[in-house]
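Everything on this sheet refers to the single structure shown next.
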Amino acid sequence: MTQNTFRTPAGCEVTAVTAAGMREVDRVAVEEVGLQLLQMMENAGRALSRHVREAHDDGSVVVVAGNGGNGGGGLTCARHLANRDVPVRVVLDREPAELSGAAAHQCRILEAMDLGVATGPEAVSRFDEPTVLVDALIGYGVSREVRPPAADYVRELNAASGPVVSLDVPSGMDATTGDTRGVRVHPDRTLTLALPKTGLDAVEEALSLADIGIPAAVYDRLDIDYEPPFDETDRVELVG
27 MTQNTFRTPA GCEVTAVTAA GMREVDRVAV EEVGLQLLQM MENAGRALSR HVREAHDDGS
87 VVVVAGNGGN GGGGLTCARH LANRDVPVRV VLDREPAELS GAAAHQCRIL EAMDLGVATG
147 PEAVSRFDEP TVLVDALIGY GVSREVRPPA ADYVRELNAA SGPVVSLDVP SGMDATTGDT
207 RGVRVHPDRT LTLALPKTGL DAVEEALSLA DIGIPAAVYD RLDIDYEPPF DETDRVELVG
């Protein structure tokens with residue numbers, strides 16, 4: 027289920043997991059240990075917002091978000107950016123009323139903040155000023171070819187002139203194998219969550235790992251070798 031394929035610059039080995047392995051991590055964290063999805067999503071969104079600000083501190087940000095946990099993390103990131111007066115807009119791959127679960131919860135918060143939420147692939151590249159784009163469309167769960175409308179958002183992200191930061195796994199990439207499922211985002215940076223995914227070996231661009239608050243006890247229950255890679259920060263760079 028696992029293999030050590032990544033290291034931090036300090037030499038700490040970080041175990042990579044398949045998509046199925048990460049689903050088990052999420053399940054044990056929630057069902058057996060008691061973490062809540064919204065807790066992990068909050069940590070992911072906060073880490074992503076800090077990553078975006080540090081890596082690209084000029085211009086505005088457009089968060090392109092889908093449904094599910096990945097989209098919810100992107101929407102949480104948008105809130106944290108707005109709280110710090112970063113100009114941010116959100117583009118959803120569906121109408122807000124079609125979101126469900128945690129993503130719908132995060133979207134309602136943004137609507138209460140009067141933060142602009144648009145839909146439609148054309149909205150991704152609508153803005154003229156220097157813009158950082160956040161890819162929070164799909165995440166690690168893709169298992170089949172990405173088709174419209176999601177594929178249209180992927181193409182718009184790839185055609186954008188500004189830098190792209192993917193959350194967890196570039197949308198359209200098989201998290202286990204690194205294969206492209208029809209089309210995929212080609213980001214400038216990827217911020218993966220909790221543990222790197224085995225397919226990220228195929229990413230040549232910068233790769234970082236974010237701490238979303240999962241305790242070592244979760245990994246122990248799944249026999250995943252784990253040495254905490256984080257020090258005073260909630261993010262570390264990874265090398266293959």
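Residue numbers 27 to 266, in the working numbering, belong to the letters of the sequence shown in order. From the three backbone atoms N, C-alpha and C, an ideal C-beta is built for every residue, glycine too.
| query | result |
| --- | --- |
| Continuous alpha helix (DSSP H) stretch holding Arg247: start and end | Ala242 to Arg247 |
| Beta-carbon separation (whole angstroms), Arg247 vs Glu58, contact threshold 8 Å | 7 Å |
| 3-residue-minimum beta strand (DSSP E) runs that sit fully inside the segment 190 to 239, ordered along the chain | 190 to 193, 215 to 219 and 232 to 236 |
| Residue nearest to Ala228 in terms of C-alpha spacing, selected from Asp237, Arg215 and Pro122 | Arg215 |
| Supposed contact pair Val54 and Val43 - C-beta distance, whole angstroms, cut 8 Å | Rounded, the Cβ-Cβ distance is 12 Å, inconsistent with contact. |
| Cβ neighbours of Asn184 in the same chain (closer than 7 Å, five flanking residues each side left out) | Val211 and His212 |
| Host alpha helix (DSSP H) of Ser75 (start-end) | Leu63 to Ala81 |
| Inter-residue Cα distance where the pair is Gly266 and Thr34 | 9 Å |
| Where Arg173 sits in the DSSP three-state scheme | coil |
| Residues near Thr206 by beta carbon distance below 7 Å, same chain, minus five either side | Gly198 and Met199 |
| Check: Arg120 C-beta below 8 Å from any heavy atom of the ligand FMN | As presented, the structure is devoid of all ligands, the ligand FMN included, so that no description of it is given. |
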